[in-house]
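Q:
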Amino acid sequence: MRDQLVKLNSLVGWDCHFSSFDGYRLVLSSGISNEYATPLVAFLGVSYMHCPFEFSHPVFRLGSEKESLQVEQLSTIEEGERLFVIEAETQATLDKQLFFIVAEGLDLIGMA
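As numbered in the working numbering, residues 205 to 316 make up the sequence shown, in order.
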């Protein structure tokens, strides 16, 4: 999983937005702007999300034990699920904010 996150961080563009969600698969698109964004990653088996729909300059990582405890005050993290953390800027502030997604895994779209 960490290798996938390293690759994701190397491929992500400046701007990101969530482009679709079918109840299981949450697709994040990325590019030099939202107008030119293409699908980049799908979070699979999403059960919780605390994140704006658009953000910039993200860094993706797995959540710490402390962050997991914080999220579990709002939603249970089931066995087989992981806490993904996105550190990103928003339109509200250029300071990095922490956002959370609980999912079973991720799929780098179109990547080998």
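Using N, Cα and C, we set each Cβ at its ideal position, and we do this for glycine too.
#1: Checking 8 Å against the spacing of the C-beta atoms, do leucine 266 and phenylalanine 288 come in under that value?
#2: How far does the beta strand (DSSP E) with glutamate 250 in it extend, from its first residue to its last?
#3: Exposed or buried, aspartate 311, counting other C-beta atoms within 10 Å across all chains shown (16 or more means buried)?
#4: Measuring only the C-alpha atoms, how far is glutamate 308 from alanine 296?
#5: How would you label serine 268, buried or exposed, when you count the other beta carbons within 10 angstroms and need 16 or more for buried?
#6: Based on Cα-Cα distance, which residue from Gly249, Val210, Leu212, Ser214 lies nearest to aspartate 226?
#7: On the DSSP letters alone, give me the boundaries of the alpha helix (DSSP H) that leucine 209 sits inside.
A: In terms of the structure at hand:
#1: yes
#2: Note on residue identity: the sequence assigns valine, not glutamate, to residue 250. Run containing valine 250: none; DSSP gives neither H nor E here.
#3: exposed
#4: 30 Å
#5: exposed
#6: Gly249
#7: 206-215
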